[in-house]
Amino acid sequence: MAFGTASVRTTCPYCGVGCGVVATPDGQGGLAIAGDPAHPANFGRLCSKGAALGETLGLSTRLLHPVVDGKQVDWATALDAVASRLTEVITTHGRESVAFYLSGQLLTEDYYVANKLAKGFLGTPHVDTNSRLCMASSVAGHRRSFGADVVPGCYADLDEADLIVLVGSNAAWCHPVLFQRIVAARRARGTRLIVVDPRRTATAEEADRHLAIAPGQDTVLFAHLLTQLADTDALDRAFIETHTTGFGETLARAREIAPSLAATATRTGLSEAEVSEFVGAWRDTDKVVTVYSQGVNQSAQGTDKVTSIVACHLATGRIGKPGTGPLSFTGQPNAMGGREVGGLANMLAAHMGFAPAEVDRVRRFWNAPHIVTGEGLKAVDLFDAVADGRIKALWVMGTNPAVSLPRADAVRTALQTLDLLLVSENVVSNDTLGAGAHVRLPAAAWSEKDGTVTNSERRISRQRAVLPRPGEAKPDWWILSGVAARLGYGAAFAYTSPAAIFREHAALSGFENDGARAFDISGLADLGDEEYDALAPIQWPVPRGQREGTVRLFGAGGFVTTDGRARFVPAAMPTLAAAVSPRYPLRLNTGRIRDQWHTMTRTGLSPRLGAHRPEPFVEVHPDDVARFGLSDGGFAKVETAHGEAVLRVVATEVVRSGEIFAPIHWTAETSSHGRVGPLVAGATDPYSGQPEAKATPATMTPVTMRRAGFALSRGPLSLPDGLWWSRIAVAGGFAWSLASDAPIEALVPAIRALFSDCECAELHDPARDVIRIAAFADARLAGAVFIGPAGQVPRWETLAPMVGEAFAPATRLALLSGRAPDGAAACGPLVCACFSVGRDAILAAVAAGATDTAAIGAAVMAGTNCGSCLPELKRLLAEVSRAAA
Ligand SMILES: Nc1nc2c(c(=O)[nH]1)N[C@H]1C(S)=C(S)[C@@H](COP(=O)(O)OP(=O)(O)OC[C@H]3O[C@@H](n4cnc5c(=O)[nH]c(N)nc54)[C@H](O)[C@@H]3O)O[C@H]1N2
Ligand SMILES: Nc1nc2c(c(=O)[nH]1)N[C@H]1C(S)=C(S)[C@@H](COP(=O)(O)OP(=O)(O)OC[C@H]3O[C@@H](n4cnc5c(=O)[nH]c(N)nc54)[C@H](O)[C@@H]3O)O[C@H]1N2
Ligand code: SF4
Ligand SMILES: [Mo]
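No gaps in the numbering here: position 115 of the sequence shown is 1063 in the working numbering, and each next residue is one more.
What follows is the structure in structure tokens.
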């Protein structure tokens, strides 16, 4: 394939909104990025992460060659090694000792091939994916309610609704383009917005009402809503009678879960007035969309939460009609595609499970010698099986489980015990590779890979290659097919292109499908290569003979159960998996920040994205700051029964007292003590197996750090033990935030050694506990380390832009003052990532008379592109006016 400089239309590799991107090569390995005005997910908009894609393409962190046992090898050697070692493990320990752990960031074609190889040819059912941590409860809820994993509605419903309820979704930060669509609808037609979230997120701040629900109690709120719909004659009795079963039992159970308004208020932690107002708004609005995300899915009662929400839509017939319906926001770009191919351990393929007829059908279609006949282990159980030795060989593809699984330290340790750890990766090092991967397989990354993804509204879009693959990186499907061929299955894996795989996948979806399976894209099974290349975004189902997609389902019934009726499912009384105790009196909630993606392997390379929240932190209510003896801006050791982290304390009323929140993004690569995965208990939902990640009992103790500082460097640094550190990207390199309690003298030799091959200017004052080093290579500033008493160290933002600049010897010492040579001040913490506008510049604009976000935008551009920072601009305006008052 030839690569030119022409623009290519592709899809963003981050969240499940699935925005269309126009990528234009700059001829030097880079890309100019713009939103695709024609893509129906975003109509040209991008959020801060999508807009910064061009900053994440650097090759310095890429895995470029296959590596076996620490040695770089060619592909033939690597694939031979994988095949022979897998064979050895199977011969010694049986087929079920092999497992695959896949990812919603793989393309559908990659996922299809991995699933086929494992479940049809290697004969192991143990294939699960990080979607287990992400979407499994929505999948289970959809399957229980509708008979299949179908999202009934679409994004256009957000434009047409009169009321939107976001449950456990911080869409302003996690699905920003859809959130901006909601904001636009509010402006255009006054759509009401209610946000149900224990935290007052940026999303909640934009809402008409924020219901700060007690963790895990969503089922109670929606059970109460169901009883009120019934008691005030707001049901659609015809829909219930014609298209559903189980309403009576479900309503009876709802009355037990929410016996009265008072009981509902007590259990949810809301006031009776809040509950009544919510019920009234929901009941009296025909066009209502209820959106849910990880506050719903990632809980030990996640499936019940989903079915309780769905029940209210079924009971009112508010489903599959414009402006109505339950709408699960998917996390990853291809979480939905992975579910379609059967990437979850409890699915076989193409929405088929393990009924004997389904197993036989898939066996015949694949001509599979070792088809599996039952479910495999789900993620949390799968890693337990690694720990106790049942799984001997694991192939990890496109995910970083040593960070993202609950009890992540135990997972990391378990990985080290494997006979065979295969990792297909884009990056040369991450926490999972660091757990001792025997074979490292360099995979093509976004901008190089080619295939399809499915977004939250069932829309299949093409990701297209726009840059050549660097080094020896190969598509995941190619790697898998190469291994399959060496195992003797060449005929079944003779793929030469993603188009060929897609056609097979589409054909399987229609194979002996008499309408019993909603997932049917057999209308696309005969696409020619060029048609596949040109495929416009399309919503499944696309049955044979059809070339148009399907916008909505179930508006007139037609559910995917044997009798075509949806099921009301009685929920269990919600109780949190683990109780708080005197030892662990707090609830640890975990989630995302605006500008980082998961374990930061890509967003961590963008200076713009790093600046918004540069350090791992914990949000603590001011009452708890006092109760636990902490200080705002200081450090806390956060501890659970499973692990600990040391995080910067942010005192804020965003969280309720008794609850704390920490972001998931920091790893051993980007921090010394910032991994929060190890703290999470991960009790699983009984239906979906999805682990709870939002409510682990925890405690905190203050950590005194009398020394603070920073390091800057063009390349990686290995900082000495005894320092707390966290790392972000800055233009031309990295910046580390540093803290320590011990006097720095003991660290001075190790700090000097960081730049042993440079010429250094140094200021060292043991009496004041100060060391400042500026290191030069070829007369350019290569890096710096400043450490001193906390509160007395200059800000790294001043020095960072000078890394890579030339300095004559006479000017070098002046750098150690930490001031820019021209006296320019740093612009403060970044707020607007699109235009790199800092807090200080915004406050200056406000001081100069800007009184709303539009005026700020006019003055300094902040907030005028993607809109992700608008909630923060509003908060700054409110802070200033509070301070003035
Ligand atoms: N910036 C950014 N965006 C992303 C990602 C990212 O890494 N960074 N990742 C993507 C992925 S894979 C996913 S899955 C999505 C996740 O998107 P979201 O689900 O929106 O994000 P989270 O921050 O995980 O959690 C959402 C909210 O659930 C709330 N919550 C916790 N417990 C409860 C509860 O019991 N009830 C209710 N109602 N709410 C609760 C939390 O306080 C939190 O604000 O984001 C996607 N988008
Ligand atoms: N405590 C807590 N834990 C959580 C969550 C939470 O809210 N709280 N959220 C959970 C959720 S919803 C999710 S989705 C997970 C995400 O967690 P992970 O999936 O572990 O995180 P990522 O950083 O996205 O990891 C993706 C890896 O795949 C690599 N990669 C990207 N594209 C490709 C490709 O095409 N091929 C290959 N071979 N590799 C590729 C990247 O370099 C990166 O190392 O975290 C889960 N864990
Ligand atoms: S909302 Fe942002 S991260 Fe999500 S797909 Fe669109 S541009 Fe990418
Ligand atoms: Mo996710």
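Just so it is clear, CB atoms sit at the ideal spot from N, CA and C, and this is done for glycine as well.
In DSSP terms, what residue i is bridged to
i: Asn1537; result: Phe1609
i: Asp1713; result: Val1718
i: Cys1780; result: Val1785
i: Gln1411; result: Gly1399
i: Leu1389; result: Ser1372
i: Met1345; result: Ser1372
i: Cys963; result: According to DSSP, which records beta bridges pairwise, Cys963 is partnered with nothing at all.
i: Gln1020; result: Val1015
i: Cys1708; result: Ala1723
Pairwise C-alpha distance: residue j and residue i
i: Glu1288; j: Leu1065; result: 16 angstroms
i: Ala1182; j: Glu1154; result: 29 angstroms
i: Asp1572; j: Thr1264; result: 42 angstroms
i: Gly952; j: Lys1422; result: 20 angstroms
i: Ser1429; j: Val1586; result: 45 angstroms
i: Gly1771; j: Ala1730; result: With a pLDDT of only 46 at Gly1771, under the threshold of 50, the placement of this residue in the model should not be trusted, and no figure is reported.
i: Gly1101; j: Ile981; result: 29 angstroms
i: Lys1019; j: Arg1760; result: 42 angstroms
i: Asp1336; j: Leu1081; result: 21 angstroms
i: Ala1393; j: Asp1474; result: 27 angstroms
i: Ile1205; j: Gly1493; result: 47 angstroms
i: Pro1691; j: Asp1543; result: 34 angstroms
i: Ser1839; j: Gly1116; result: The structure shown does not extend to residue 1839, since the chain spans only 949 to 1833, so no value can be given for it.
i: Ala1773; j: Thr1746; result: Note that Ala1773 scores 47 on pLDDT, short of 50, meaning its location in the model is unreliable; the coordinates nonetheless yield the value given after this. Going by the C-alpha atoms only, they are around 7 angstroms apart.
i: Thr959; j: Arg1406; result: 14 angstroms
i: Arg1575; j: Ser1529; result: 16 angstroms
i: Ala1293; j: Ala1333; result: 14 angstroms
i: Gly1068; j: Trp1314; result: 7 angstroms
i: Thr1025; j: Pro1749; result: 44 angstroms
i: Ala1000; j: Ala1119; result: 19 angstroms
i: Ile1038; j: Val1046; result: 7 angstroms
i: Ala1656; j: Arg1338; result: 46 angstroms
i: Gly1476; j: Val1310; result: 24 angstroms
i: Ala1152; j: Arg1743; result: 32 angstroms
i: Pro1537; j: Ser1032; result: The identity of residue 1537 in the sequence shown is Asn, whereas the question assumes Pro. Each residue's Cα considered, the two are about 44 angstroms apart.
i: Asp1252; j: Val1227; result: 19 angstroms
Within 8 angstroms, strictly: CB atoms of residue i and residue j
i: Trp1684; j: Trp1672; result: no
i: Thr1618; j: Met1548; result: yes
i: Asn1078; j: Thr1278; result: no
i: Val1320; j: Gly1637; result: no
i: Ile1609; j: Arg1147; result: Checking the sequence shown, residue 1609 turns out to be Phe, not Ile. Cβ atoms of Phe1609 and Arg1147: closer than 8 angstroms.
i: Glu1044; j: His1074; result: yes
i: Asp1097; j: His1299; result: yes
i: Phe1507; j: His1123; result: no
i: Pro1639; j: Ala1631; result: yes
i: Val1751; j: Arg1662; result: yes
i: Val1061; j: Trp1343; result: no
i: Gly1766; j: Phe1734; result: yes
i: Thr1600; j: Glu1567; result: yes
Continuous beta strand (DSSP E) stretch holding residue i: start and end
i: Met1648; result: 1644-1651
i: Thr958; result: 956-959
i: Asp1834; result: An answer regarding residue 1834 cannot be provided, because it is not within the stretch 949 to 1833 covered by the chain.
i: Trp1684; result: 1681-1688
i: Thr972; result: 968-973
For residue i, the first and last residue of its enclosing alpha helix (DSSP H)
i: Tyr1240; result: Here Tyr1240 belongs to no alpha helix (DSSP H); instead the beta strand (DSSP E) covers 1236-1240.
i: Leu1818; result: 1818-1832
i: Leu1330; result: 1327-1335
i: His1261; result: 1250-1263
i: Phe1187; result: 1185-1191
i: Ile1804; result: 1801-1808
i: Arg1157; result: Here Arg1157 belongs to no alpha helix (DSSP H); instead the beta strand (DSSP E) covers 1157-1159.
Ligand 5 heavy atom lying under 7 angstroms from the CB of residue i
i: Ser1276; result: Judged by which ligands are present, ligand 5 is missing from the structure shown, whose ligands are ligand 1, ligand 2, ligand 3 and ligand 4.
(message) Tell me which residues pass a beta-carbon proximity test against ligand 4: closer than 5 angstroms to any heavy atom, given in chain order.
(response) Cys1082, Gly1279
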